[in-house]
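Trainee:
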Amino acid sequence: MKKTIQMEELVCPMCAQKIETALRKAPGVISATVLYNASKAKVEFDETQTSLEELMRVITALGYEIVR
Ligand SMILES: [Cu+2]
22 MKKTIQMEEL VCPMCAQKIE TALRKAPGVI SATVLYNASK AKVEFDETQT
72 SLEELMRVIT ALGYEIVR
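Every letter in the sequence shown is one number past the one before it in the numbering used here, and letter 50, counting from 1, is 71.
Structure follows, in structure tokens:
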């Protein structure tokens, strides 16, 4: 399953890098790319192992807000 998560504006490219690294390490994630300019996280994941909600929690746990 492929999903895009819209986040509140990222302060700097290091934020995007940090989120991307955390998402890639999360169980069930096949690929993750964070677009700094758009403040979007594009994730591909195995929905039998994780969920969009779980991946959103990875982001909010780092202190970033999701735009719903
Ligand atoms: Cu930053």
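Every residue gets a Cβ at the ideal spot worked out from N, C-alpha and C, and that includes glycine.
#1: Distance, Cα to Cα, residue 65 vs residue 40?
#2: Mapping DSSP to helix, strand and coil, what is residue 56?
#3: Just verifying my parser: in three-state terms, what is the DSSP assignment at residue 70?
#4: Put residue 88 into one of helix, strand or coil per three-state DSSP.
#5: If I measure Cβ to Cβ from residue 44 and keep anything under 8 Å in the same chain, skipping five residues before and after, which residues do I get?
Mentor: According to the structure data:
#1: As a working mapping, residue 65 is identified with position 44 in the sequence shown. As a working mapping, residue 40 is identified with position 19 in the sequence shown. Cα to Cα, the separation comes out at about 14 Å.
#2: Position 35 of the sequence shown, counted from the start, is the residue given in the question as residue 56. Strand, per DSSP.
#3: To locate residue 70, count along the sequence shown from 1; it is residue 49. Note: residue 70 maps to coil in three-state DSSP.
#4: Position 67 of the sequence shown holds residue 88. Residue 88 falls in the coil class under three-state DSSP.
#5: Here residue 44 refers to the residue found at position 23 of the sequence shown. Taken in chain order, the residues that qualify are 50, 53, 55, 62, 64, 76, 79, 80.
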